[in-house]
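Below is one structure, written out as structure tokens; the observations come after it.
2 protein chains.
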Amino acid sequence: MQMTTEQLAKIFKALGHPTRVKIVEHLIHINTCVCGEIVNIFPFSQSTISQHLKILKESGIVCGEVEGPKTYFCVDKAVLEEFREYIKNL
Amino acid sequence: MQMTTEQLAKIFKALGHPTRVKIVEHLIHINTCVCGEIVNIFPFSQSTISQHLKILKESGIVCGEVEGPKTYFCVDKAVLEEFREYIKNL
DNA sequence: TTAGTTTATCGTTCATAGGCGATGAACGAT
DNA sequence: ATCGTTCATCGCCTATGAACGATAAACTAA
Numbered sequence: 140m141q142m143t144t145e146q147l148a149k150i151f152k153a154l155g156h157p158t159r160v161k162i163v164e165h166l167i168h169i170n171t172c173v174c175g176e177i178v179n180i181f182p183f184s185q186s187t188i189s190q191h192l193k194i195l196k197e198s199g200i201v202c203g204e205v206e207g208p209k210t211y212f213c214v215d216k217a218v219l220e221e222f223r224e225y226i227k228n229l
Numbered sequence: 140m141q142m143t144t145e146q147l148a149k150i151f152k153a154l155g156h157p158t159r160v161k162i163v164e165h166l167i168h169i170n171t172c173v174c175g176e177i178v179n180i181f182p183f184s185q186s187t188i189s190q191h192l193k194i195l196k197e198s199g200i201v202c203g204e205v206e207g208p209k210t211y212f213c214v215d216k217a218v219l220e221e222f223r224e225y226i227k228n229l
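Chains as they are written, first to last, in my numbering: chain V, 140 to 229; chain S, 140 to 229.
The following block contains the structure:
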């Protein structure tokens, strides 16, 4: 399956902020984590981080699973792989 | 040489618009071209395309050489390679 | 010199992004 | 049932983005 230019641009846009790049790098390293953990890493409020995570989720590069009061975030590996392929073939 | 997160985010941001993604794809295909050629491809005004090219240039992924009244744009291959490497190692 | 070509920039308008605090919703533990 | 925890969302504000037309700047050709 091929990504559309719009989907691609949406992922690029989601990664177009230093904090969101770092969040994704962090998620790749530790595989999965909750919002609060990310809030502790960055000098921004909980609402700001939650907003960043929402943008990443909407782009498709990150997914979140609600478990009780917590939400576990992780990188969508299939989407990441498609994204990597696109860049490779660019 | 390693790109900073800020530089990376700037490239991502520059690519965070469908038109700019298509411009970069086009530049990679035809190697180099002038602004007017790109204007003819897209349904946007000359000033809008010029602005998109400026954003791409400022991110570093594209460079432009002025020759007389024309400006020849092309993708900076070194930057593109660094960018590719980053994604690959992500 | 004048006219035409090509591109960049300016100023404007409307929409979206980025940050925050406050609040609400969902849940677990007491 | 109540309290504390965790996260999402709302409302607000300021800043930036996206598009346009108009104009300026740089050059070429007649």
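Here a beta-carbon is modelled for each residue, glycine too, at the ideal position from N, C-alpha and C.
Start-end ranges of the alpha helix (DSSP H) lying completely within the region 162–192 of chain S, minimum 4 residues: 174–180
Positions along the region 152–168 of chain S whose CB lies within less than 7 Å of some CB in chain V: 152, 154, 155, 156, 157, 160, 161 and 167
Cβ distance (whole Å) where residue 199 of chain S is taken to contact residue 148 of chain V below 8 Å: No, residue 199 of chain S and residue 148 of chain V are not in contact; Cβ-Cβ is about 18 Å, not under 8 Å.
DSSP state of residue 210 of chain V mapped onto helix, strand, coil: strand
Given residue 146 of chain S as reference, the closest of V:160, V:179 and V:142 once Cα atoms are compared: V:160
Residue-chain proximity (residue 149 of chain S, chain V), Cβ-Cβ < 9 Å: yes
Partners in chain S for residue 227 of chain V, counting only beta-carbon separations shorter than 9 Å: 223, 226 and 227
Residues bridged to residue 203 of chain S [DSSP beta-bridge criterion]: S:212
C-beta atoms of residue 188 of chain V and residue 226 of chain S nearer than 9 Å: no
Range of the contiguous alpha helix (DSSP H) that encloses residue 147 of chain S: 144–153
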